[in-house]
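Undergrad: If you read the protein sequences in the order shown, they are chains A and B. If you want our numbering, it's the position in the first sequence, counting the first as 1, plus 1169. If you want our numbering, it's the position in the second sequence, counting the first as 1, plus 71. Where is the CB? At the ideal position from N, CA and C, for every residue including glycine.
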Amino acid sequence: MKFFIPFLLLIVATTDINQTIYNFKLKNLDNRTVSYQDLKGENLTIIDFWATWCKPCLQSIPKLVKMSHEFEDRGVQFIGVSVDGPRNLNKVRPFAKSVGIDYPVLLDTDNSVMGRVGVRAVPSLLIVNSNDEIVYFHEGYAPGEDKIIREEILNHLNPS
Amino acid sequence: MKTVMIICAGVILVIKPKVAFGQLSGSNTFEFQYGNLPYEENRDLTTSYDQLNIYYDYNNFSLYGRAEHFLSPYRERNYFQLTQKRAQYQDDHFNIRLGNFYETIGRGLLLRSYEIPGSVFEEDFYRTRYAFNQDVEGISAEFNHDFFDLQLVRGRPLFNPLPPNFEPDSLRRQALFEAVETNIFLSGDYSIGGAYMRVYENGARDFQEYGSLMFNGNLPLNFQLISEYAFNTETNLFNFGDNESYAFYTGLNYFYDTFGASLEYKNYNDFTLGSGFNNPPSLIKEHTYPVLNRSTHVLSTENETGIQIEAFYTFEDGHSLTANYTTAKNEVSRRFDYSEYFLEGSYKVNEFLTIKSFLDYANDEIKGQENRISTGVITEKLFDYTWSLTVDVQYQQFDSGFNENHPENYYASISINYIPDLTVSAIFEASTDPNLTDDPRTFDIEKDTRTWFGGNILYKINRTHTVEVFGGKRRGGPACTSGICYERLDFEGFELRVSSRF
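1) If we cut at 8 Å on Cβ distances, does B/E357 have a partner in chain E?
2) Does DSSP put A/E1302 in a helix, a strand or coil?
3) Go ahead and pull the three-state DSSP assignment for A/F1264.
4) Which partner residues of B/N215 appear in the DSSP bridge assignment?
5) By the criterion of Cβ-Cβ separation under 7 Å, what are the contact partners of A/D1271 in chain B?
6) So B/E208 and B/G264 are supposed to be a Cβ contact under 8 Å. How far apart are they, rounded?
7) Should B/G472 be labelled buried (16 or more other beta-carbon atoms within 10 Å of its own) or exposed?
8) Which same chain residues end up closer than 7 Å to B/R243 when comparing Cβ atoms and leaving out the 5 residues on each side of it in sequence?
9) Indicate whether at least one CB of chain A lies closer than 8 Å to the CB of B/G12.
10) What residue from B/R183, B/V191, B/R200 and B/Y135 has the CA that sits closest to B/R168's CA?
11) Below 8 Å between beta carbons: does that hold for B/F248 and B/V270?
12) Measuring only between beta-carbons, confirm whether B/F196 sits less than 8 Å from chain A.
13) Select from the segment 1208-1225 of chain A all residues with a C-beta closer than 9 Å to any C-beta belonging to chain B, and list them in chain order.
14) Tell me the rounded alpha-carbon separation between B/Y466 and A/S1204.
15) Residues of chain B with CB under 8 Å from A/Y1255, in chain order?
16) Return helix, strand or coil for B/L45, following the three-state DSSP convention.
17) Within 8 Å (strictly less), CB to CB, does B/S428 reach chain A?
18) State yes or no: is the beta carbon of A/K1316 nearer than 8 Å to at least one beta carbon in chain B?
19) Can you find the residues in the same chain that come closer than 6 Å, C-beta to C-beta, to B/H140, ignoring five residues on each side of it along the sequence?
20) Please decide whether A/L1326 counts as near chain B, where near means a Cβ-Cβ distance under 8 Å.
21) When we look at the beta-carbon of B/Y489 and count the other beta-carbons within 10 Å, is it buried (16 or more) or exposed?
22) With a cut-off of 8 Å on the beta carbons, I'd call B/A318 and B/T372 a contact; round off their distance for me.
23) For B/P478 and chain A, any beta-carbon pair shorter than 8 Å?
24) Along the chain, where does the beta strand (DSSP E) containing B/I167 start, and where does it finish?
25) Given 8 Å as the limit, is there contact between the segment 397-413 of chain B and the segment 338-355 of chain B, that is, 3 or more CB pairs closer than that?
26) Taking 8 Å as the cut-off, decide whether the C-beta atoms of B/R146 and B/R198 are in contact.
27) Is there a Cβ from chain A that is less than 8 Å from the Cβ of B/R559?
28) Count the other C-beta atoms from every protein chain shown that fall within 10 angstroms of the C-beta of B/K531, then say buried if there are 16 or more, exposed otherwise.
29) How about A/P1231: is its C-beta nearer than 8 Å to some C-beta of chain B?
30) Do the CB positions of A/P1263 and B/F326 come within less than 8 Å of each other?
31) Taking just the CA atoms, how far does B/P511 sit from B/D504?
32) Helix, strand or coil for B/V90? Go by DSSP, reduced to three states.
33) Whose C-beta lies closer than 6 Å to the C-beta of B/A138 among residues of the same chain, with five residues either side of it excluded?
34) Kindly list, in the order they appear in chain A, the residues whose Cβ is closer than 8 Å to that of B/G347.
35) Distance check for B/L460 and B/L453, CA to CA, integer angstroms please.
36) What does the alpha-carbon distance come out to for the pair B/E451 and B/V462?
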């Protein structure tokens, strides 16, 4: 009986429905506050949570940069969200440039957006459709998983 | 209480998919453990922890609540509480929050609150588990304009070493602060800012006053300069003497093509606010390699100066190189020095094989560790885009002022990832460090090598649900994530974690 309540809460939380992204506001690399609505793509928005200390991010980001160029004419906007705290903030801009990021980078210094959308690890990638629904969520990154992400983008650009 | 909770859960279950005029969403983390700390008597202890976060959004308004529940055979450790609640209004210019929220002023010299999402914290003394965060309970109003930002905050920061069921609850939020911060955008590239803060401690009518001056500028030739100087208003401005209370941080960064560099300087003295709710940049390299993550230097805002230099370069064919030099000096009764040299390379042999390695040399007088050498090699092999194999081997050795021998730490893991849903891994660790080999239950000092071996399975059921199972022995120790350092406890037994978003 004593584990009934946690299990009940677990059941409550285990129905699969579309989650909507909220209009979060964060500072960019120029210290300006911008919102998700300011940046979102016409068809899809790809939001990638990363950090300068994250090793798999070093592998995933160049693949995403490549994809951002491939899909730039198809209404797909990429947004990078760095979850680095004040400890690493000075490294975010040179790191982003070093790995080739040329899409907007926002700073989630206190991890509040990360927690709000249910991201628990970096890298994590969200695909959001034009109705602001999170239609795909990819946690972590291992070599080869960029192919799956690319297929998901194509699937949601051309729903059958 | 249970009845109320069941009713709440029932209501959520019924209305969950779409509330009439809004959107309901949330996340849940459930963790069950069978086992205990290594030297505890009760070997078959069963505990469970659940954290439920629910958000209700309607146009510009949102409501949020977090419930946490811990159960064990020990009644005094158990609790069920609504640990966070918040009402929020947000539009293009305003963001107003009432309740529990996270906020950072400037670079964290005056205030930094945070959450490590998904982390579950357990303290050695209270032996109860709870979410690891340091939120603020109060009110915050923010206004954004093209030419300036303005923010007003009044609240009580959480003292997170005390668990949610600690009595009296008021001790968890003793300090009260009021702050105002503004940033003025002089052009697209330059901004200046200032902050003022009052801190009331222990309900006292008297307060301490602090100020902060900030600068952020994109300089020519791809340089960027960030500076902040925070001070107690009773101190002599720009006087960096031993009797003054201040924190000064400046960072310069640069990029050219795929080369990036960062240079930072810190000078903090007598600048711990309240129970430590400020968190200036520590300027210590944040490592994810286990042997290095545990060895981190923890910042002291009572007295610390130092620099950090880091450079990284990404080669055209995907290889990368990172070099870091860090030094810190603490004057606490006497001088303690810390220095670290770190070099890391990643070599992409081809599309299917990547080899990473690192070499680190450090001296840490506070920990009594000299000539600390750490190294490791990580190999990742992808097979036919369907599965990958990762082998990670790390080693560390240092001279200890307390021990004639050279304590050693070993780490090895092998991980198989069936793309994209299943990861199976095994982790082996060993140590000859007397602080770890000694059994605290005996008077003798045991020196036999201590080992840990555990297995982990992570399965993503679908895009919203993940199951993680651990079995065996897990090594604890200091851990740092997102710049926040805390102590993780050892564990021996079985653990199940189910994470959900909805």
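TA: Quick look at the numbers:
1) In the structure shown, chain E does not exist; the protein chains are A and B.
2) Counting from one through the first sequence, the residue named residue 1302 of chain A turns up at place 133. In the structure shown, A/E1302 sits in a strand (DSSP, three-state: E or B).
3) Taking the first sequence and counting its residues from 1, the one referred to as residue 1264 of chain A is at position 95. The DSSP-derived three-state label of A/F1264 is helix.
4) On the second sequence, position 144 is the one that residue 215 of chain B refers to. Bridge pairing for B/N215: B/D220 [DSSP].
5) Residue numbering aside, residue 1271 of chain A sits at position 102 when the first sequence is read from its first letter. Simply none; closest approach about 12 Å.
6) Position 137 of the second sequence holds residue 208 of chain B. Position 193 of the second sequence holds residue 264 of chain B. Between B/G264 and B/E208 the Cβ distance is about 25 Å, and since that is not below 8 Å, they are no contact.
7) As a working mapping, residue 472 of chain B is identified with position 401 in the second sequence. Exposed: under 16 other Cβ atoms inside 10 Å.
8) Along the second sequence, one-based indexing puts residue 243 of chain B at 172. Cβ within range, chain order: L229, F230, L233 and F237.
9) The structure shown does not extend to residue 12 of chain B, since chain B is modelled only from 72 to 573, so the question has no answer here.
10) As a working note, residue 168 of chain B is residue 97 in the second sequence. Ranking the options by Cα distance to B/R168, first place goes to B/Y135.
11) Within the second sequence, the letter at position 177 stands for residue 248 of chain B. Within the second sequence, the letter at position 199 stands for residue 270 of chain B. Going by C-beta atoms, B/F248 is nearer than 8 Å to B/V270.
12) Stepping through the second sequence from its first residue, residue 196 of chain B is reached at position 125. For B/F196, the answer is no, since every Cβ of chain A falls outside 8 Å of its Cβ.
13) The segment 1208-1225 of chain A vs chain B, Cβ under 9 Å: A1220, T1221, W1222, C1223 and K1224.
14) One-based indexing of the second sequence puts residue 466 of chain B at position 395. One-based indexing of the first sequence puts residue 1204 of chain A at position 35. Straight-line measurement puts the Cα of A/S1204 at about 44 Å from the Cα of B/Y466.
15) Counting from one through the first sequence, the residue named residue 1255 of chain A turns up at place 86. Here the sequence assigns Pro to residue 1255 of chain A, which means Tyr is not the residue at that position. Neighbours of A/P1255 on chain B, chain order: T175, R178, G179, R183, N350, P351, P352 and G554.
16) No answer is possible for residue 45 of chain B: the residues shown for chain B start at 72 and end at 573.
17) For the purposes of this step, residue 428 of chain B is identified with residue 357 of the second sequence, where counting begins at 1. No, B/S428 does not count as interfacial toward chain A.
18) Against the first sequence, residue 1316 of chain A aligns to sequence position 147. So yes, A/K1316 belongs to the interface.
19) Counting from 1 along the second sequence, the entry for residue 140 of chain B is found at position 69. Listed in chain order, the non-local C-beta contacts of B/H140 below 6 Å within the same chain comprise D121 and F151, local neighbours out to five positions each way being set aside.
20) In the first sequence, the residue the question calls residue 1326 of chain A occupies position 157. A/L1326 does not count as touching chain B.
21) Within the second sequence, the letter at position 418 stands for residue 489 of chain B. Counting C-beta atoms within 10 angstroms of its own C-beta, B/Y489 has fewer than 16 neighbours from the protein chains shown and is therefore classed as exposed.
22) What you label residue 318 of chain B is simply residue 247 of the second sequence in a count that begins at 1. What you label residue 372 of chain B is simply residue 301 of the second sequence in a count that begins at 1. The Cβ separation is near 7 Å, so the contact holds.
23) By one-based count along the second sequence, residue 478 of chain B stands at place 407. Not an interface residue.
24) The residue labelled residue 167 of chain B in the question sits at position 96 within the second sequence. Element bounds for B/I167: F165 to F172.
25) They touch, by the three-pair rule.
26) Against the second sequence, residue 146 of chain B aligns to sequence position 75. Against the second sequence, residue 198 of chain B aligns to sequence position 127. Result no, Cβ atoms of B/R146 and B/R198 do not sit closer than 8 Å.
27) By one-based count along the second sequence, residue 559 of chain B stands at place 488. Chain A, which has no Cβ nearer than 8 Å to the Cβ of B/R559, makes this no.
28) Counting from 1 along the second sequence, the entry for residue 531 of chain B is found at position 460. With 16 or more Cβ atoms within 10 Å of its Cβ, B/K531 is classed as buried.
29) Reading the first sequence from its first residue, position 62 is the one you call residue 1231 of chain A. Yes - at least one Cβ of chain B is within 8 Å of the one on A/P1231.
30) Numbered from its first residue, the first sequence carries residue 1263 of chain A at position 94. Numbered from its first residue, the second sequence carries residue 326 of chain B at position 255. Yes, they are a contact pair.
31) In the second sequence, the residue the question calls residue 504 of chain B occupies position 433. In the second sequence, the residue the question calls residue 511 of chain B occupies position 440. Cα to Cα, B/D504 sits roughly 14 Å from B/P511.
32) Taking the first residue of the second sequence as position 1, residue 90 of chain B is located at position 19. Below a pLDDT of 50, predicted positions are generally treated as unreliable, and B/V90, at 46, falls in that range; the measurement from the model is reported next regardless. Here B/V90 carries a coil assignment [DSSP, helix/strand/coil].
33) As a position in the second sequence, residue 138 of chain B is number 67, starting the count at 1. Counting only Cβ-Cβ distances below 6 Å, and skipping sequence neighbours, we find L123 and L153.
34) Indexing the second sequence from 1 puts residue 347 of chain B at position 276. Going along chain A, no residue has its Cβ under 8 Å from B/G347, so there is no contact; the nearest lies around 14 Å.
35) On the second sequence, residue 453 of chain B is found 382 positions in, with the first residue counted as 1. On the second sequence, residue 460 of chain B is found 389 positions in, with the first residue counted as 1. Each residue's alpha carbon lies about 7 Å from the other.
36) Counting from 1 along the second sequence, the entry for residue 451 of chain B is found at position 380. Counting from 1 along the second sequence, the entry for residue 462 of chain B is found at position 391. Put simply, the backbone Cα of B/E451 is about 7 Å away from that of B/V462.
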